[in-house]
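J.: Here's a structure for you.
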Amino acid sequence: MDDELRHIAQNSLQGLLVDFSDWREDVLFGFTNFLLREVNDMHHTLLDSSLKLLLQLLTQWKLLIANGSSHRIHSERGPHCSVLHAVEGFALVLLCSFQVATRKLSVLILKEIRALFIALGQPEDDDRPMIDVMDQLSSSILESFIHVAASDSATLPLTHSVDLQWLVEWNAVLVNSHYDVKSPSHVWIFAQSVKDPWVLCLFSFLRQENLPKHCPTALSYAWPYAFTRLQSVMPLVDPNPINAKKTSTAGSGDSYVTLWRNYLILCFGVAKPSIMSPGHLRASTPEIMATTPDGTVSYDNKAIGTPSVGVLLKQLVPLMRLEGIEITEELVEELHPLMKEALERRPENKKRRERRDLLRLQLLRIFELLADAGVISDSTNGALERDTLALGALFLEYVDLTRMLLEAENDKEVEILKDIRAHFSAMVANLIQRVPVHHRRFLFPQQSLRHHLFILFSQWAGPFSIMFTPLDRYSDRNHQITRYQYCALKAMSAVLCCGPVFDNVGLSPDGYLYKWLDNILACQDLRVHQLGCEVVVLLLELNPDQINLFNWAIDRCYTGSYQLASGCFKAIATILEAKLFVYSKKVAEQRPGSILYGTHGPLPPLYSVSLALLSCELARMYPELTLPLFSEVSQRFPTTHPNGRQIMLTYLLPWLHNIELVDSRLLLPGSSPSSPEDDVKDREGEGTASQGLKGNGWGSPEATSLVLNNLMYMTAKYGDEVPGPEMENAWNALANNEKWSNNLRITLQFLISLCGVSSDTLLLPYIKKVAIYLCRNNTIQTMEELLFELQQTEPVNPIVQHCDNPPFYRFAASSKASAAASGRGQAAG
Numbered sequence: 003m004d005d006e007l008r009h010i011a012q013n014s015l016q017g018l019l020v021d022f023s024d025w026r027e028d029v030l031f032g033f034t035n036f037l038l039r040e041v042n043d044m045h046h047t048l049l050d051s052s053l054k055l056l057l058q059l060l061t062q063w064k065l066l067i068a069n070g071s072s073h074r075i076h077s078e079r080g081p082h083c084s085v086l087h088a089v090e091g092f093a094l095v096l097l098c099s100f101q102v103a104t105r106k107l108s109v110l111i112l113k114e115i116r117a118l119f120i121a122l123g124q125p126e127d128d129d130r131p132m133i134d135v136m137d138q139l140s141s142s143i144l145e146s147f148i149h150v151a152a153s154d155s156a157t158l159p160l161t162h163s164v165d166l167q168w169l170v171e172w173n174a175v176l177v178n179s180h181y182d183v184k185s186p187s188h189v190w191i192f193a194q195s196v197k198d199p200w201v202l203c204l205f206s207f208l209r210q211e212n213l214p215k216h217c218p219t220a221l222s223y224a225w226p227y228a229f230t231r232l233q234s235v236m237p238l239v240d241p242n243p244i245n246a247k248k249t250s251t252a253g254s255g256d257s258y259v260t261l262w263r264n265y266l267i268l269c270f271g272v273a274k275p276s277i278m279s280p281g282h283l284r285a286s287t288p289e290i291m292a293t294t295p296d297g298t299v300s301y302d303n304k305a306i307g308t309p310s311v312g313v314l315l316k317q318l319v320p321l322m323r324l325e326g327i328e329i330t331e332e333l334v335e336e337l338h339p340l341m342k343e344a345l346e347r348r349p350e351n352k353k354r355r356e357r358r359d360l361l362r363l364q365l366l367r368i369f370e371l372l373a374d375a376g377v378i379s380d381s382t383n384g385a386l387e388r389d390t391l392a393l394g395a396l397f398l399e400y401v402d403l404t405r406m407l408l409e410a411e412n413d414k415e416v417e418i419l420k421d422i423r424a425h426f427s428a429m430v431a432n433l434i435q436r437v438p439v440h441h442r443r444f445l446f447p448q449q450s451l452r453h454h455l456f457i458l459f460s461q462w463a464g465p466f467s468i469m470f471t472p473l474d475r476y477s478d479r480n481h482q483i484t485r486y487q488y489c490a491l492k493a494m495s496a497v498l499c500c501g502p503v504f505d506n507v508g509l510s511p512d513g514y515l516y517k518w519l520d521n522i523l524a525c526q527d528l529r530v531h532q533l534g535c536e537v538v539v540l541l542l543e544l545n546p547d548q549i550n551l552f553n554w555a556i557d558r559c560y561t562g563s564y565q566l567a568s569g570c571f572k573a574i575a576t577i578l579e580a581k582l583f584v585y586s587k588k589v590a591e592q593r594p595g596s597i598l599y600g601t602h603g604p605l606p607p608l609y610s611v612s613l614a615l616l617s618c619e620l621a622r623m624y625p626e627l628t629l630p631l632f633s634e635v636s637q638r639f640p641t642t643h644p645n646g647r648q649i650m651l652t653y654l655l656p657w658l659h660n661i662e663l664v665d666s667r668l669l670l671p672g673s674s675p676s677s678p679e680d681d682v683k684d685r686e687g688e689g690t691a692s693q694g695l696k697g698n699g700w701g702s703p704e705a706t707s708l709v710l711n712n713l714m715y716m717t718a719k720y721g722d723e724v725p726g727p728e729m730e731n732a733w734n735a736l737a738n739n740e741k742w743s744n745n746l747r748i749t750l751q752f753l754i755s756l757c758g759v760s761s762d763t764l765l766l767p768y769i770k771k772v773a774i775y776l777c778r779n780n781t782i783q784t785m786e787e788l789l790f791e792l793q794q795t796e797p798v799n800p801i802v803q804h805c806d807n808p809p810f811y812r813f814a815a816s817s818k819a820s821a822a823a824s825g826r827g828q829a830a831g
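All the letters of the sequence shown, read from the start, carry residue numbers 3 to 831 under this note's numbering.
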């Protein structure tokens, strides 16, 4: 275009906008439609300059309102809301651009629209400004996939919160990992096929709970705009020979494929259902797509009319062999021929086989996304029968045939087959999870299909298969689950909880499902453990007549590991909470008319004190039970799970305070390093102590040996499995007793005697650990006792001498102590 002519046109538009308030809506509508029809995405510079002009027009309008009178502003409020929403829809279309500069201009346009809404006074019943909604959603959208994004710069902004402007300018790459079990289906699929995170942002903005919920008016304008832009780009990506010349002259094909995909995501995110019947759709809209005499399709990129989802699908389905797309419920009918083609089983060469596998993969990815979005499980427009809520015959046949196909090829480990298995598992899991719990029993009319699917998914679940032993028998206890195994496990769980259990043998007293549940609940991976908890809750809810299942859950609360017991306890609590809530609601309804209501007071609390305080009280009241109770705890200790051992040691502490250790070989108290003043203080403390035993404690030489040996056995055998300080507290409760100071000396002599049992003892690390326990709690007294013991030991100076018999050397010890003593005696004389 001539520069002078362009300036004249710009000045004319600005003049109309400034001087004629009644024409402002027409100016913006006309200029927006002109940009849609005449300025396509191949001319980046022209498009950006035109957008700057649009931005300038909006800014001038805002300045006019700011400088105008109040009555003039009031007269402009209502009529111009529609054109502003239309420009918002156009800006949303521009956000599909692969040019960052174009997207930045789109954000600026949205900000000017918000400023105009504020200046004009937006009605209360109008939609929120789109920029406000997108800014508010930006942070949560980024958090949903930040774990699969790699960026050279800082991942999150440090100076301000994440908004649309930051997302548009963010330079990062999506990466996928085989160990990613966190990402939902749409994040995982985009990370596999698309590297630009902006595509995922755009897809997330268009989810039903986001922009379609808050900005329906702007999106109603965006639908025909996006459809028109898509038609203009379609010839650049269509592989038909007639469009090959256009594609080769347009520039970079990959960039336009990205643009085409973005427009496609936008179209199906904002598309409105057609009023016409499907048959009418196929015979209509000649202005959008026309057939040439040679049978090929031509596109009219200047038609804005009323777009049709059906026509768009007829254009896209032939491209399925080349590109994966995101689509809605009307696609299932259009894809029926491709579904049959993908599931055919016949001899074919390697190339045709690879093409068919790729088609199968693309179909499964589409259906996985549809299931994740809740489209397939919609009884109104999805794949469910409206009357029975069962899967439709077409989709049920597709699931069953895919299952048989994968069963026949289960022994192959081709990479594309792994992807097919993962997406099939995720599709089934997403489909079931989007259906209300008590409607899931109707999904599969044939229970045998559920059983076959469960067995098939089990074969892909790795260590979580029903064929495997519990994880604690594995050589690799820190097994990291892969995405493929997690999808299979999730599908197993969904199929199992799709109504009452399909195989009662699995929940019999020795059923195979219990070992599988133990495996999941005991897993260290938090997501697998959480999935196991959900499975137990659903099994208990959907199988109330299975008493064996409830008994298993109760038993695991007492005998299982910490994770297993906590998972079963949470499941039981969840089920009972729901039952009690229903019952309490019925009771509340009956109370006003009840005869006995209010005639009695509340019951006393069942447990007025905690169990730890109760143990302290019992130890004070019945000290004669100290040794029998310690013996009982010692006997039960090896058969209790680690969490139970931790609790038992806590309850044992007050009883250990009752024990007085006795050793006839102990040195006389007079040789103790403690001073007479300390003994006086001990006697005074004994008289003033409010708690503990009076006089002697409970003990004997036999009891001393029993207590010390058993406590040492617990420390050496199970001490590493007790994560808390309970083991250390037990030793200190026994040894560092304020009433019986000999306990520490006897304990240390017991440890010293263990050190001399063998020069190569395995107990040395645990003996050192107990010594550290004692020093940490009572450092001064323990060190004094150890120094006292060292003074009683005769130092020995070993001398190695040669001999003729094996091992050809011997120690000849010479005492330095006697020599030193004699030397001191001679010196004194």
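We put the CB at the ideal spot given by N, CA and C, even for glycine.
Just list the residues that DSSP pairs V175 with in beta bridges.
T.: For the purposes of this step, residue 175 is identified with residue 173 of the sequence shown, where counting begins at 1. V175 is bridged to A152.
J.: Figure out for me which residue from P320, E387, L391, I769 has the closest Cα to the Cα of L365.
T.: Indexing the sequence shown from 1 puts residue 365 at position 363. L365 has its Cα closest to that of P320, out of P320, E387, L391, I769.
J.: In this structure, does DSSP put Q803 in helix, strand or coil?
T.: The count along the sequence shown starts at 1 and reaches residue 803 at position 801. Judged by DSSP in its simplified three-state form, Q803 adopts strand.
J.: Buried or exposed, going by whether 16 or more other CB atoms sit within 10 Å of the CB of Q487?
T.: Working through the sequence shown from its first residue, we reach residue 487 at position 485. With 16 or more Cβ atoms within 10 Å of its Cβ, Q487 is classed as buried.
J.: For K184, which residues from the same chain have a beta carbon less than 8 Å from its beta carbon, with the 5 sequence-adjacent residues on both sides left out?
T.: Walking along the sequence shown from the start, residue 184 turns up at place 182. H149, R529, listed in sequence order.
J.: Let me check understanding here. Comparing Cα to Cα, which of D402, R105, M469 lies closest to K54?
T.: As a first step, residue 54 is located in the sequence shown; it is residue number 52 there, counting from the start. The shortest Cα separation from K54 among D402, R105, M469 belongs to R105.
J.: With the cut-off set at 8 Å, would you say P460 and M494 are in Cβ contact?
T.: Taking the sequence shown and counting its residues from 1, one reaches residue 460 at position 458. Taking the sequence shown and counting its residues from 1, one reaches residue 494 at position 492. The question names Pro, but residue 460 in the sequence shown is Ser. Going by beta carbons, S460 and M494 fall inside the 8 Å limit.
J.: First and last residue of the alpha helix (DSSP H) that includes H216?
T.: Here residue 216 refers to the residue found at position 214 of the sequence shown. Its alpha helix (DSSP H) spans residues 213-216.
J.: Thinking C-alpha only, which one of A424, R116, C500, L792 is nearest A88?
T.: The residue labelled residue 88 in the question sits at position 86 within the sequence shown. Of the candidates A424, R116, C500, L792, the one whose C-alpha sits nearest the C-alpha of A88 is R116.
J.: By DSSP, does L629 sit in helix, in strand, or in coil?
T.: The residue given as residue 629 occupies position 627 in the sequence shown. Three-state result, L629: helix.
J.: With a 10 Å radius around its C-beta and 16 neighbouring C-beta atoms as the bar for buried, classify K414 as buried or exposed.
T.: Locating residue 414 in the sequence shown gives position 412, counting from the first residue. Exposed.
J.: Curious, which full-length alpha helix (DSSP H) runs of at least 4 residues does the region 513-564 contain?
T.: 514-523, 528-544, 549-561
J.: Quick check for students: name the residue ranges of the alpha helix (DSSP H) that lie wholly in the region 703-776, counting only runs of 4 or more.
T.: Correct list: 703-720, 728-737, 744-757.
J.: For S427, count neighbouring C-beta atoms within 10 Å of its own C-beta (all shown protein chains included) and say buried if the count is 16 or more, exposed if not.
T.: Reading the sequence shown from its first residue, position 425 is the one you call residue 427. With 16 or more Cβ atoms within 10 Å of its Cβ, S427 is classed as buried.
J.: Assuming contact is defined by CB atoms lying nearer than 8 Å, are E543 and I522 in contact in what I supplied?
T.: Counting from one through the sequence shown, the residue named residue 543 turns up at place 541. Counting from one through the sequence shown, the residue named residue 522 turns up at place 520. No, the Cβ-Cβ distance between E543 and I522 is not below 8 Å.
J.: Alpha helix (DSSP H) containing D137: first to last residue?
T.: Taking the first residue of the sequence shown as 1, we reach residue 137 at position 135. It spans 132-147 - the alpha helix (DSSP H) in which D137 sits, taken as one unbroken run.
J.: Using DSSP's beta-bridge definition, name the partner residues of L386.
T.: The residue you call residue 386 lines up with position 384 of the sequence shown. Paired residue(s): L393.
J.: Taking 8 Å as the CB-CB cut-off, is D359 touching chain D?
T.: The structure shown has no chain D; it contains just one protein chain.
J.: At what residues does the alpha helix (DSSP H) containing D421 begin and finish?
T.: Residue 421 sits at position 419 when you count from the first residue of the sequence shown. Note, D421: alpha helix (DSSP H), 417-435.
J.: Relative to the alpha-carbon of L122, which residue among A68, D137, V135 has its alpha-carbon at the smallest distance?
T.: For the purposes of this step, residue 122 is identified with residue 120 of the sequence shown, where counting begins at 1. Comparing Cα positions, the closest option is A68.
J.: When the Cα of Y223 is compared with those of G271, L455, V201, S187, which residue comes out closest?
T.: Taking the first residue of the sequence shown as position 1, residue 223 is located at position 221. Comparing alpha carbon positions, the residue from G271, L455, V201, S187 closest to Y223 is G271.
J.: Which of helix, strand or coil does DSSP assign to E126?
T.: Start at 1 with the first residue of the sequence shown, and residue 126 comes out as number 124. It is coil, neither helix nor strand.
J.: Hey, quick one: how far does the alpha helix (DSSP H) through W190 stretch, first residue to last?
T.: One-based indexing of the sequence shown puts residue 190 at position 188. Where W190 is concerned, the enclosing alpha helix (DSSP H) stretches over 187-195.
J.: Rank C535, A580, W554, N412 by C-alpha distance to the C-alpha of S568 and give the top, closest one.
T.: Residue numbering aside, residue 568 sits at position 566 when the sequence shown is read from its first letter. The shortest Cα separation from S568 among C535, A580, W554, N412 belongs to C535.
J.: I need the boundaries of the alpha helix (DSSP H) containing F785, first residue and last residue.
T.: Position 783 of the sequence shown, counting from 1, holds the residue named residue 785. It should be noted that the sequence gives Met, not Phe, for residue 785. Going by DSSP, M785 is part of the alpha helix (DSSP H) stretching over 781-793.
J.: Keeping to the same chain, check which residues put their C-beta closer than 6 Å to that of R436; ignore five residues upstream and five downstream.
T.: For the purposes of this step, residue 436 is taken as residue 434 along the sequence shown, with counting starting at 1. G376, S379.
J.: Within the continuous alpha helix (DSSP H) that includes G32, where are the two ends?
T.: Counted from its first residue, the sequence shown places residue 32 at position 30. First-last of the alpha helix (DSSP H) with G32: 26-40.
J.: Taking buried to mean at least 16 other C-beta atoms within 10 Å of its own C-beta, is I143 buried or exposed?
T.: Position 141 of the sequence shown holds residue 143. Looking at its Cβ environment, which holds 16 or more other Cβ atoms inside 10 Å, I143 is buried.
J.: To which residues of the same chain is H73 closer than 6 Å at the C-beta, ignoring the five residues directly before and after it?
T.: Sequence index remark: in the sequence shown, residue 73 carries index 71 (1-based). The predicted position of H73 is uncertain, since its pLDDT is 41 and thus under 50; no value can be drawn from it.
J.: Determine the DSSP secondary structure at G70, reduced to helix, strand or coil.
T.: Translated into positions along the sequence shown, residue 70 becomes position 68. G70: coil per DSSP, three-state reduction.
J.: Do you know offhand how far L38's Cα is from V239's?
T.: For the purposes of this step, residue 38 is identified with residue 36 of the sequence shown, where counting begins at 1. For the purposes of this step, residue 239 is identified with residue 237 of the sequence shown, where counting begins at 1. Spanning the two alpha carbons is a distance of roughly 19 Å.
J.: Compare the beta carbon distance of A773 and L655 with 8 Å and say whether it is the shorter of the two.
T.: For the purposes of this step, residue 773 is taken as residue 771 along the sequence shown, with counting starting at 1. For the purposes of this step, residue 655 is taken as residue 653 along the sequence shown, with counting starting at 1. No.
J.: Apart from the five residues just before and just after C203, which ones in its own chain have a Cβ nearer than 7 Å to its Cβ?
T.: Against the sequence shown, residue 203 aligns to sequence position 201. The answer, listed in chain order, is I143, L169.
J.: With a CB to CB cut of under 6 Å and the five nearest residues on each side skipped, what residues in its chain are close to K316?
T.: If you number the sequence shown from 1, residue 316 lands on position 314. Result list for K316: empty, nothing under 6 Å.
J.: Does the distance from the CB of G91 to the CB of L266 come in under 8 Å?
T.: For this step, residue 91 is matched to residue 89 along the sequence shown. For this step, residue 266 is matched to residue 264 along the sequence shown. Cβ distance not < 8 Å, so G91 and L266 don't count as in contact.
J.: May I have the straight-line CA-CA distance separating P438 from H643, to the nearest angstrom?
T.: Walking along the sequence shown from the start, residue 438 turns up at place 436. Walking along the sequence shown from the start, residue 643 turns up at place 641. Answer to the nearest angstrom: the Cα atoms are 38 Å apart.
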